[in-house]
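Right, one structure below, let's go through it.
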Amino acid sequence: MAITHDEVKRLFGDINDHMIVEIENSGATMVELEEVAAHLAQETDVMGELERPLTGRALQIYTLLRRADEAWEEDR
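Note that the sequence shown covers residues 14 to 89 in my numbering.
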């Protein structure tokens, strides 16, 4: 099942529509997006010993969102 605009907004908050479309078109699953959200929120400790680094689509989305966040911080 495809990820929806509303699901992306729920997980990542107020991000621009271009990024939402990129995330929707990435083919990432809800599980992958939830992993990304946990890493962005630095809540990876909920995985305890099972914590693993992001890979594949999840890593691409994480990188996209971190770059956007860093660019926003620089513009402030």
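All C-beta atoms, glycine included, are put in the ideal place defined by N, C-alpha and C.
Collapsed DSSP secondary structure at residue i in the structure displayed
{"i": "R65", "result": "coil"}
{"i": "A81", "result": "helix"}
{"i": "A41", "result": "coil"}
{"i": "Q55", "result": "coil"}
{"i": "A50", "result": "helix"}
{"i": "A15", "result": "coil"}
Burial state of residue i (16 or more Cβ within 10 Å)
{"i": "E48", "result": "buried"}
{"i": "E83", "result": "exposed"}
{"i": "A71", "result": "buried"}
{"i": "A41", "result": "buried"}
{"i": "H90", "result": "The structure shown has nothing for residue 90, since the chain only spans 14 to 89."}
{"i": "H31", "result": "exposed"}
{"i": "V21", "result": "buried"}
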